[in-house]
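Have a look at the structure below before the remarks.
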Amino acid sequence: MREYTERIREAAKRLLSEQRVDTVIGFRRGTVPFMNEPFLVKSVDQVDQLYWDSNCGINLANYLPKRTDRVAVVAKGCDSRNIVVHLLENQIKRDQLYILGAPCRGMVDKRRMMADLKGKEPLHAEENGKEIKVSGRGFQVTFDRQTYLQSNCAICTHRNPVVYDELLGDPVEEQQGVDRYPDVRRIEAMSVDERWRYFQELIAPCIRCYACRNACPLCYCPTCFVDESRPQWVGKTIDPTDTLTFHFLRAYHVAGRCTDCGSCERACPVGIEVRKFTKKLEKEVKELYGYEAGVTPDQRPPLDTFKPGDPEPFIK
Amino acid sequence: MSEWEPKIVAFLCNWCSYGAADLAGVSRLQYPANIRIIRVPCSGRVNPKFILAAFRSGADGVWVSGCHPGDCHYIEGNLYARRKFALLNSQLEYTGIVEPGRLHFSWISSAEATKFAEVARGVIDAVKAAGPARHFIKKQAEVA
Amino acid sequence: MSDIYISRGKFPEIIGQLMARYRVYAPVLKGEYHEFAKIEKTEEADLGYQNTRLSPKGLFHPHAERMFEYSLVKDDPQAGILKEAPKDFSPRVVLGIRPCDAKAFQLDDVNFDTTAYQDPWWVRRRQTTTLIGLACNEPCGTCFCTSLGTGPFDTAGLDVLLVDTGEGYTAQVLTQKGKDVVGITSGWESVSRTVSEKMEGLRKSAEDSLGRQFDFDPIKQKDMLELFNASFWDEVQFACINCGTCTFLCPTCWCFDIQDEVWGDKGDRIRLWDSCMFPLFTFHGSGHNPRSQKLQRVRQRFMHKLKYYPDKYHNGAACVGCGRCVKFCPVNIDIREVVRRMSATCVCPA
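Residue numbers (the numbering used here), protein chains in the order written: chain W, 10 to 325; chain S, 412 to 555; chain Y, 784 to 1133.
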């Protein structure tokens, strides 16, 4: 994926000097292994800081709502789907945007590589095609990129951007025959008490930093329900009931809008698999309403519309 | 648990189900007194937060009832609500917050007093079968 | 008191002796990361750790802490009267804390323990806790303590400093509290010349591996408003998503909020961590928010640590270089880069 770096720089330079856009949103190289920093380019002399590799998992669509300038943005498949959601929800106008589509082979999961390093600290990481070479004090390891994909990337079925103004490379082959919901079915098969315990344990490490919420492009409400105080729906302590209320409602708020970009899970400092909440909703939305978020620019999100014959087996 | 009586919070839409409750009363139809009614303008007004808040505060069951599809006073409020509730219902069970039998939805018009009393009895029986709420109740915060 | 030594094999006995007299908190492996927790068995303490993910500030300033309890029962004559929530203040030992984190408590003392005001819970916990530090032989790649006036073998804020010399630990006893704690343990030997040379070598290699990563001094000389109005904040803040990761993981972030929680006819007054990254942090009752913009909040965090605090307390920066925020920031905002920008010679106004 490194080859995109040059393409992004070239496009940014061109768009800025031709005054097609005012700013470019991309990534610059991170200061620690497996991390890159979202970066706003305002002038041509900053263009060479733009960078791309397999650690660009943060969703750049998160930086678009309420922007007033003409902006170019680098978008992977999932980012582009979130741009579609933004367009549907009037968060930004299409003619403000210049989308640099990045056909994507998936981003790598920092946490799993760290786990396999078993406490050894990576000091340098270099990506080379299908391999990631990691080194630290007295060790060098090579990780296979494909094996260490983020769990959402491994089951991704929209690797190519769904909207774009230009592509940074040839479209990649979409993954076929992917089973997106084995984990959801595993949880569904549990008894209700097991499910309760499962989710209690899942969220136990939560420190209520709201990184999952804030890394999500869909969370742009002027006042989040968490911050409402009259009435206060969610207690602010780390009490398990309150933490579960937060995670439940956060997931529910993104129902039918979530593109499974994995930003929430990537951002979590304590490694909670928060997608366990959102994936069930994604499955339900697909089964009940045949809707996939951010794929079609002319179809309203499922909770923003209805059909007279919607299924209602649960209603007396 | 012979002495235990469940507490059930019912969100009833002003135009249909609340009218049905009224008519059930006027018609002297009998159903047990486990239901605390909260009148809402429309079933579409029922925010998932309300339902969670009811359970958090210790409700053993929650019942939401509105107009039949097509009869909404606001034309389509209950049709939006239906989609919301479908996802909410499955997600609440999926996360184990609510066991089967605690959360109920119905469409009852203001003329259906008999249906109201019947559904009320059904809801109460189901909640009784589920037993006292045990999972999702906010008590004293577990803090240092 | 001169340094003493104990072999690795005998060290668990020391922990056992401590546990007989104190509540002992030590780094315990939970999942993939270590965390300070009360140990029930000597083998739970894992001193082979780099550092904990969450700073140990929670031992003195818990994430959420019940301050008072009250009753709302109508006929109760005690109704509405705040009563201090019972807590365990029996003596305890924090074993294996890193020098940076111990230093952080000293920096936080200026907030919780002043001549004008003393926070009862912080002060009592500080008084009844003995800190047995563990020097860092192999600092992380994200550490920069030496650039902010502390170091991997720094003794500030500690009662005892342990150094892992391979076959055993040396202990440097620093305070009366340290003496008391070491006094109840037995099995120590005097430090041999080889061990003491080895210790010196470890200290030097640890300090050298960190080096001096930036020059903090120019920030002290700079005009506050010049820094406040600097144009680089715009670039620094862009990536920030305004989550609370950095502030919650930070050992020197002490800000808190107070909430009343009522259930049934009882209530609690709870103090909990707050974060200057959250929009609610400065939200006024009037509806006005003096820090409504992300830029203002990001700037506040760095200015507080690196300019306001040093200017107010003449106590150095409110940062000990533990590197947690660098390691765990979801969008890779690196405080070391921010310091470099703040101390650069030309900070031109926007």
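Cβ coordinates follow ideal geometry from the N, Cα and C atoms, glycine included.
6 angstroms Cβ shell around residue i - same chain, five flanking residues per side excluded
| i | result |
| --- | --- |
| Arg1084(Y) | Cys1059 |
| Val150(W) | Val143 |
| Arg948(Y) | Sequence check: residue 948(Y) is Thr here, not Arg. Closer than 6 angstroms at the Cβ level, and outside the excluded window around Thr948(Y), lie Val978, Lys981, Met982. |
| Trp971(Y) | Ile787, Ile789 |
| Gly86(W) | Cys113, His167, Arg168, Asn169, Pro170 |
| Gly799(Y) | Thr825 |
| Ile1041(Y) | Arg1054 |
Neighbour-count burial assignment, residue i, 16 or more Cβ in a 10 Å radius
| i | result |
| --- | --- |
| Asn99(W) | exposed |
| Phe137(W) | The question names Phe, but residue 137(W) in the sequence shown is Asn. Exposed, by the Cβ-count rule. |
| Gly814(Y) | exposed |
| Trp415(S) | exposed |
| Pro1113(Y) | buried |
| Gly265(W) | buried |
| Leu865(Y) | exposed |
| Lys550(S) | exposed |
| Ala885(Y) | buried |
| Met1125(Y) | buried |
| His515(S) | buried |
| Pro306(W) | exposed |
Partners in chain S for residue i, counting only beta-carbon separations shorter than 7 angstroms
| i | result |
| --- | --- |
| Trp1046(Y) | Lys549, Lys550, Gln551 |
| Ala1127(Y) | Under the 7 angstroms cutoff, chain S gives no residues; its nearest Cβ is about 42 angstroms from Ala1127(Y). |
| Pro310(W) | Residues of chain S passing the Cβ test: none, with the nearest at roughly 10 angstroms. |
Proximity below 9 angstroms, CB of residue i to CB of residue j
| i | j | result |
| --- | --- | --- |
| Ile967(Y) | Val943(Y) | no |
| Gln441(S) | Ala528(S) | yes |
| Val117(W) | Leu158(W) | yes |
| Val143(W) | Lys1110(Y) | no |
| Ile880(Y) | Val554(S) | no |
| Phe936(Y) | Cys919(Y) | yes |
| Arg275(W) | Ile67(W) | yes |
| Ile448(S) | Ala421(S) | yes |
| Ser930(Y) | Ala887(Y) | no |
| Leu957(Y) | Tyr1092(Y) | no |
| Gly932(Y) | Phe999(Y) | yes |
| Val808(Y) | Arg875(Y) | In the sequence as presented, Val is not what sits at residue 808(Y); that position holds Tyr. Yes. Within cutoff. |
| Trp426(S) | Ser521(S) | yes |
| Ala803(Y) | Leu1055(Y) | no |
| Glu46(W) | Asn1115(Y) | yes |
Chain S contact for residue i (CB, 9 angstroms cutoff)
| i | result |
| --- | --- |
| Asp248(W) | yes |
| Arg206(W) | yes |
| Lys1049(Y) | yes |
Interface residues of chain W facing residue i [CB-CB closer than 9 angstroms]
| i | result |
| --- | --- |
| Lys793(Y) | What Lys793(Y) touches in chain W: nothing, since even the nearest Cβ is about 25 angstroms away. |
| Glu921(Y) | Glu130, Arg146 |
Any chain Y beta carbon closer than 9 angstroms to residue i
| i | result |
| --- | --- |
| Ser520(S) | no |
| Lys382(W) | Since the displayed chain W opens at 10 and closes at 325, residue 382(W) lies outside it and no answer follows. |
| Phe315(W) | no |
| Glu130(W) | yes |
Neighbouring residues, chain Y, relative to residue i (Cβ below 9 angstroms)
| i | result |
| --- | --- |
| Ala555(S) | Gly841, Pro845, His846, Ala847, Glu848, Arg849, Lys870 |
Under 8 angstroms by beta carbon: chain S residues contacting residue i
| i | result |
| --- | --- |
| Ile798(Y) | Per Cβ cutoff of 8 angstroms: no residues; Ile798(Y) is ~24 angstroms from chain S at best. |
| Ile324(W) | Arg493, Phe496, Phe516, Ser517, Trp518 |
Same chain, Cβ closer than 7 angstroms to residue i, five either side skipped, listed in chain order
| i | result |
| --- | --- |
| Arg90(W) | His167, Val171, Thr268, Ala302, Gly303, Val304 |
| Asp313(W) | none |
| Leu49(W) | Thr32, Ile34 |
Close Cβ partners of residue i (< 8 angstroms) along its chain, the five nearest in sequence each way excluded
| i | result |
| --- | --- |
| Pro511(S) | Glu504, Ala541 |
| Val82(W) | Val33, Ile34, Gly35, Leu69, Ala70, Tyr72, Leu73, Asp88, Ile92, Leu106, Tyr107, Ile108, Leu109 |
| Ala1133(Y) | Because Ala1133(Y) sits at a pLDDT of 47, beneath the cut-off of 50, its placement in the model cannot be relied upon, and the following sentence gives the value as read from the coordinates. Answer for Ala1133(Y): Asn1012, Ala1013, Ser1014, Asp1017, listed in chain order. |
| Pro543(S) | Met412, Trp415, Pro417, Asp471 |
| Ser992(Y) | Glu921, Pro922 |
Partners in chain S for residue i, counting only beta-carbon separations shorter than 9 angstroms
| i | result |
| --- | --- |
| Ile1053(Y) | Ala552, Val554 |
Residue i at chain W interface by Cβ criterion, 9 angstroms
| i | result |
| --- | --- |
| Leu423(S) | no |
| Asn445(S) | no |
| Glu1120(Y) | yes |
| Leu931(Y) | no |
| Ala1133(Y) | Summary for Ala1133(Y): the model assigns pLDDT 47, below 50, so the residue's position carries little reliability; its value from the coordinates is reported in the next sentence. Chain W, which has no Cβ nearer than 9 angstroms to the Cβ of Ala1133(Y), makes this no. |
Contact list for residue i against chain W, beta-carbon separation under 8 angstroms
| i | result |
| --- | --- |
| Ile1024(Y) | Asn71, Ala220, Asn223, Ala224, Ala276 |
| Val530(S) | Lys325 |
Chain Y contact residues for residue i, given Cβ-Cβ distances below 7 angstroms
| i | result |
| --- | --- |
| Val30(W) | Simply none; closest approach about 16 angstroms. |
Per-residue contacts from residue i into chain W (C-beta, under 7 angstroms)
| i | result |
| --- | --- |
| Leu1089(Y) | Here the premise fails: no neighbours, minimum Cβ distance about 17 angstroms. |
| His484(S) | Near His484(S) there are no residues of chain W at all, since even the closest Cβ is about 16 angstroms away, more than 7 angstroms. |
Per-residue contacts from residue i into chain Y (C-beta, under 8 angstroms)
| i | result |
| --- | --- |
| Asn363(W) | Outside the displayed span of chain W (10 to 325) sits residue 363(W), for which this structure offers no information. |
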